[in-house]
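Notes follow once the structure below has been shown.
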Amino acid sequence: MLAIRDIISCFSSLKSDCLKPALVVVLGVLALFPVTVIAAELTEQEKEVEAIRQDLDWKPLESLTEEQKKALPTACCGAYIAPVRDDPEADTNPEDASLFGQAHNSESEKQSKIVLNGDVRLVQGSRTISTDRFYLDKETSQAELTGNIEVREPGLLFRADKADININTGDADLQNARFVVHETRVRGSAKELQKFGDRVIALNQGQFTSCEPGDNSWDIRGSNITLHNDKHYGTARNMRLNVEDIPVAYVPYFRFPIGPDRLTGFLFPSMGLDEAKIGELYLPFYWNIAPNYDLTIEPRYLRKHGYLLQNEFRHLSEHFESELSGSFLSHDRGLEQEADYQYQGEDRWQWQFEQDGGKGQAWKTRINYTDVSDTDYLRDVDGSAVDVNRQAFIQQMAEVQYSLPNWVLSARAEEFRLLTSGSLPYRELPRVQANGNYHFGDWLLTANNEYTHFAVNRYFTGDNDNLIVGERFRSFYQYQWNKEFLSGYIKPGVGVKTLAYQLEADNFLATANTNPHFATPQMSLDAGLVFERDKQMFNQDYLQTLEPRLFYLYRDYENQDELFGLTTADSLVNFDTSELLFTYDQLFRDSRFSGGDRLDEANQVTLGVSSRYIESTSGVERLKLSLGEIVYLRDKEITLGRTIVDEENKTSKSALAGQIVAHLGDSLRLTQDLVFDHESSEISAASTSLHYLDDRYRIVNLGYRYARDPLSVSPLNPIPVTGRTLDQIDFSAIWPISEQWSFIARSNYDFTYKAELDTFAGLEYNDCCYRVRVLARKWVDFDFSPDFLENLNDDDFDQGIFFEVQLKGFGTLAKRINNLLEKAVVGYGERENSLH
0 MLAIRDIISC
10 FSSLKSDCLK
20 PALVVVLGVL
30 ALFPVTVIAA
40 ELTEQEKEVE
50 AIRQDLDWKP
60 LESLTEEQKK
70 ALPTACCGAY
80 IAPVRDDPEA
90 DTNPEDASLF
100 GQAHNSESEK
110 QSKIVLNGDV
120 RLVQGSRTIS
130 TDRFYLDKET
140 SQAELTGNIE
150 VREPGLLFRA
160 DKADININTG
170 DADLQNARFV
180 VHETRVRGSA
190 KELQKFGDRV
200 IALNQGQFTS
210 CEPGDNSWDI
220 RGSNITLHND
230 KHYGTARNMR
240 LNVEDIPVAY
250 VPYFRFPIGP
260 DRLTGFLFPS
270 MGLDEAKIGE
280 LYLPFYWNIA
290 PNYDLTIEPR
300 YLRKHGYLLQ
310 NEFRHLSEHF
320 ESELSGSFLS
330 HDRGLEQEAD
340 YQYQGEDRWQ
350 WQFEQDGGKG
360 QAWKTRINYT
370 DVSDTDYLRD
380 VDGSAVDVNR
390 QAFIQQMAEV
400 QYSLPNWVLS
410 ARAEEFRLLT
420 SGSLPYRELP
430 RVQANGNYHF
440 GDWLLTANNE
450 YTHFAVNRYF
460 TGDNDNLIVG
470 ERFRSFYQYQ
480 WNKEFLSGYI
490 KPGVGVKTLA
500 YQLEADNFLA
510 TANTNPHFAT
520 PQMSLDAGLV
530 FERDKQMFNQ
540 DYLQTLEPRL
550 FYLYRDYENQ
560 DELFGLTTAD
570 SLVNFDTSEL
580 LFTYDQLFRD
590 SRFSGGDRLD
600 EANQVTLGVS
610 SRYIESTSGV
620 ERLKLSLGEI
630 VYLRDKEITL
640 GRTIVDEENK
650 TSKSALAGQI
660 VAHLGDSLRL
670 TQDLVFDHES
680 SEISAASTSL
690 HYLDDRYRIV
700 NLGYRYARDP
710 LSVSPLNPIP
720 VTGRTLDQID
730 FSAIWPISEQ
740 WSFIARSNYD
750 FTYKAELDTF
760 AGLEYNDCCY
770 RVRVLARKWV
780 DFDFSPDFLE
790 NLNDDDFDQG
800 IFFEVQLKGF
810 GTLAKRINNL
820 LEKAVVGYGE
830 RENSLH
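In numbering that gives the first Met the number 0, the protein residues as written are 0 to 835.
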């Protein structure tokens, strides 16, 4: 896409005005990355680095076993591997083991003191000690070591010039020490190192890093550093963060995590850049209150609005997960050039409560309640997020459910608030359902019942005087025979659907029926056959199936004109119903409507056929081809409006619908849906999804959607293309270009309006030491007005550069780019899980 090329050019040229101010920062950071230099010039340095690596148990990637490689985080080029011991004492606690030693010579003083000299090696259970000279006072169990000291314990390695060690407790005081913690991949050094058992390491004038030996891209230095290996955290006084030996941060006291666990303290900050040089700055603080609940406090600076505070509280118990979050923007200042900015000087806010309860219980609860101060708040404070930028509504919902052996009982209250210029008229207070299923051998009795009270939505801005509210009762009872054979199945069934109302309005006509009720019987037959044969393709044996399917549906016509023209404003009853867009999945549904305000008549036959290709050896379904259409034996009379049989409703058959699902190897999946209209001889709808994700976590996604003159879209649909041809392509990829470098890109393009809706491109550097991501992005700031895309101009686009750093084993990657990629790139979550 052109926009991608433009953004990439912004990385390589300072001539572009769009992103130029940020490039100085970006290039400065990229300059910190390790650069490969001609080997001949670094021969001596490479020898020195190799000696350091061997000294600290470092093994390069090529020398690791396959099992060790699998345990290694992605992008690491090696690991700390301790020598394997196979002697009987290897797993014995040193406090429970005797001390064995060997040396070139030994001497004893007064029976209580022992001196060993020359290539001394001591073994005490799982602890081993090597040194040039060893002096032990047996009465105090205190030992003095001098020269080439090596102390090993499970997961720990210490080297020093001089040391005092208590051979009973393992406590030690080492001078000019170096150390490695194998599990957390942390190494360091100190003028003085104190070790307390295998739990705590205290460094005096010390430093540590998670970078591999020979790479000091970053380290933490302090006058006193304490590492609690058992609790995976550390503390530092007079802490200094150095990047390439350059101090970049100082704090008098700091508490930080060691490894992946989160710990109370400041998380690594995040920054976004745009044309005005400073766009957004995040400084999150994490409070690990207890093992099952925590709080994240995140102050943010927004160039366009000022200072914002947001919080997230999470609670986890055996049966419940809860999350309460919110943000507050005090006295929104707006931009100076926006004199007519409507929120200038106002306090703005948002809060959300989510709960998922009843895990493993008969009772279940679910809550998702969000509220905002105004409809523009989410886009103003987080407009670069994919889900927020195209979010057309917020949900306010609470639900409780109870499961019995044959029944599921539930009650739900729900209201939507549109973040657009429109509003929804109704809320459900409540919706109560009682759905039962009884099995009698191959027979199934279904009894679905629903009661809903529709009240006026609190956010409705329309004319309430012409609005009909009330209660709706509907049910569906069916008795069905489910008989499956080796070569197919047959499912005949009979049932009845009912619909009834108790309606209220201020201006009912005298002739209006405020309690209309309807009932219509139905019968259906779903039958299919399965034919199989062996087939060979591409030197592979397959089992091919041919599966014809017939679905017949009959439902009586019930005149529902009582739902129209009830008030002086000619109002109709439609609380939640819309006509479904026709796709392959629609072929075998028993209604052409969503919602519950219409009982549509039917006398139709669906004819379909599928063919599957299944690998004979693995049983994996590699390809499925499906095709079908509906033959209408009567005209469609029930519509969302009054019953009018027009030419469109007199069609004798539906469009031809097809679907392809292919697993092309273990990494590539293709899904294709097509709808072909007989009357126009054109494709009326199409969608294609191509997803590639391999074991190296290379990701490519390609999606395409087309719908010619689509039906009216629900107000909850975030894409404002009502009544227009939808023609969009969406491409995204994360592709490694070397062991440590990956390219990231996305392009979402609309062919109808010739507009790039969302485009970003960037680079990621990742190794055992740190990860850096730089992303340039340009996107449409949706406002959801009906003709928004038709009148798109330059003012409707936002653009910026986003930059994040993760110091492995110390800092936590900020959420800015992470959240964007999680929403925009399918497969990104699986890739992230593999990196840790």
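The beta-carbon is built from N, C-alpha and C at its ideal position, and this holds for glycine as well.
Looking at C-alpha atoms only, which residue of the options is the closest neighbour of residue i?
i      : options                        : result
Gly826 : Trp778, Lys230, Arg695, Tyr368 : Arg695
Phe195 : Leu155, Leu498, Glu43, Gly205  : Leu155
Arg633 : Asp555, Phe563, Glu45          : Asp555
Ala859 : Leu622, Tyr752, Val773, Asp540 : Shown here, the chain extends from 0 to 835; a query on residue 859 therefore has no answer.
Leu806 : Tyr769, Lys777, Glu43, Asn792  : Tyr769
Val854 : Gln543, Ile467, Thr225         : Nothing in the structure corresponds to residue 854, since the chain is present only between 0 and 835.
Ser409 : Gln395, His438, Ala361, Tyr437 : Ala361
Val74  : Asn104, Glu413, Ile736         : Note that residue 74 corresponds to Ala in the displayed sequence, not to Val. It is Ile736.
Phe517 : Ala499, Asp525, Asp505         : Ala499
Gln432 : Ile637, Gly595, Ser209, Lys112 : Gly595
Ser577 : Asn818, Thr751, Tyr583, Ser593 : Ser593
Arg830 : Asp794, Asn104, Val779, Asn765 : Asn765
Glu738 : Leu725, Pro72, Glu65           : Pro72
Arg707 : Ile682, Leu121, Val247, Asn447 : Ile682
Ala289 : Lys112, Phe312, Val180, Asp780 : Phe312
Glu620 : Ser321, Ile659, Leu579, Gly187 : Ile659
Leu673 : Cys767, Ser617, Ala685, Asp95  : Ala685
Asp375 : Gln354, Gln349, Ser324         : Gln349
Phe392 : Glu152, Glu398, Leu418, Gly799 : Leu418
Ser372 : Asp676, Gln351, Tyr583         : Gln351
Asp584 : Phe563, Leu606, Gly564         : Leu606
I need the boundaries of the beta strand (DSSP E) containing residue i, first residue and last residue.
i      : result
Gly146 : 141-152
Asp540 : 539-554
Arg471 : 468-480
Arg621 : 620-631
His516 : 516-528
Val83  : Counting along the chain, Val83 falls outside any beta strand (DSSP E), and DSSP gives it neither H nor E.
Gln351 : 347-356
Asp464 : Looking at the DSSP string, Asp464 is not in any beta strand (DSSP E), and its letter there is neither H nor E.
Below 8 Å CB to CB, which residues in the same chain sit around residue i once its five sequence neighbours on both sides are set aside?
i      : result
Met0   : Because Met0 carries a pLDDT of 40, less than 50, the predicted location of this residue cannot be relied on, and the following value inherits that uncertainty. Hits under 8 Å: Phe730, Ser746, Tyr748, Glu755, Thr758.
Ser651 : Val630, Tyr631
Pro251 : Arg236, Asn237, Met238
Give every residue of the same chain whose Cβ lies closer than 6 Å to the Cβ of residue i, excluding the five residues on either side of it in the sequence, and list them in chain order.
i      : result
Trp734 : Arg697, Phe742
His452 : Leu428, Glu470
Ile728 : Tyr703, Tyr748
Tyr425 : Phe453, Asn456, Phe574
Ser140 : Asn165, Ile166, Asn167
Ser570 : Asn465, Ile467
Ile816 : Arg772, Leu774, Phe801, Glu803
Asn506 : Thr566, Thr567
Glu449 : Gln432, Arg473
Asp540 : Ser615
Alpha helix (DSSP H) containing residue i: first to last residue?
i      : result
Val199 : Val199 -> not in any alpha helix (DSSP H); beta strand (DSSP E) instead, spanning 199-208.
Leu885 : In the structure as shown, the chain starts at 0 and stops at 835, and residue 885 therefore has no counterpart that could be examined.
Ser833 : 827-833
Cys159 : Before going on, a small fix: residue 159 reads as Ala here, not Cys. Not the alpha helix (DSSP H): Ala159 falls in the beta strand (DSSP E), residues 155-165.
Ala70  : 65-70
Excluding the 5 residues preceding and the 5 following residue i in the sequence, name in chain order all residues of the same chain whose CB lies nearer than 7 Å to its CB.
i      : result
Arg198 : His227, Asn228, Asp229
Lys58  : Gly77, Ala78, Ile80
Ile51  : Pro212, Gly213
Gln343 : Asp331, Arg332, Gly333
If I'm right that residue i touches residue j with Cβ under 8 Å, what's the distance once you round it to whole angstroms?
i      : j      : result
Ser125 : Asn165 : 16 Å between Cβ atoms; not a contact.
Ala176 : Asp163 : Going by Cβ atoms, the distance from Ala176 to Asp163 rounds to 12 Å, so no, they are not a contact pair.
Trp480 : Trp442 : 6 Å
Would you please verify whether the beta carbon of residue i is less than 9 Å from any beta carbon of chain D?
i      : result
Ser570 : Reference to chain D is not applicable here, since this structure consists of a single protein chain.
For the segment 519-529 against the segment 583-601, do three or more pairs of beta-carbon atoms, one drawn from each stretch, fall closer than 8 Å, so that the two count as touching? Contact holds: three or more Cβ-Cβ distances are below 8 Å.
Taking contact to mean at least 3 C-beta pairs separated by less than 8 Å, is the segment 143-152 in contact with the segment 94-114? Not touching, per the Cβ criterion.
Cβ contact (3+ pairs, closer than 8 Å) linking the segment 503-512 and the segment 531-550: Counting Cβ pairs under 8 Å, fewer than three are found: no touch.
Between the segment 480-491 and the segment 574-591, can you find at least three pairs of beta-carbon atoms closer than 8 Å? Touching, no, given that fewer than three Cβ pairs across the two stretches are closer than 8 Å.
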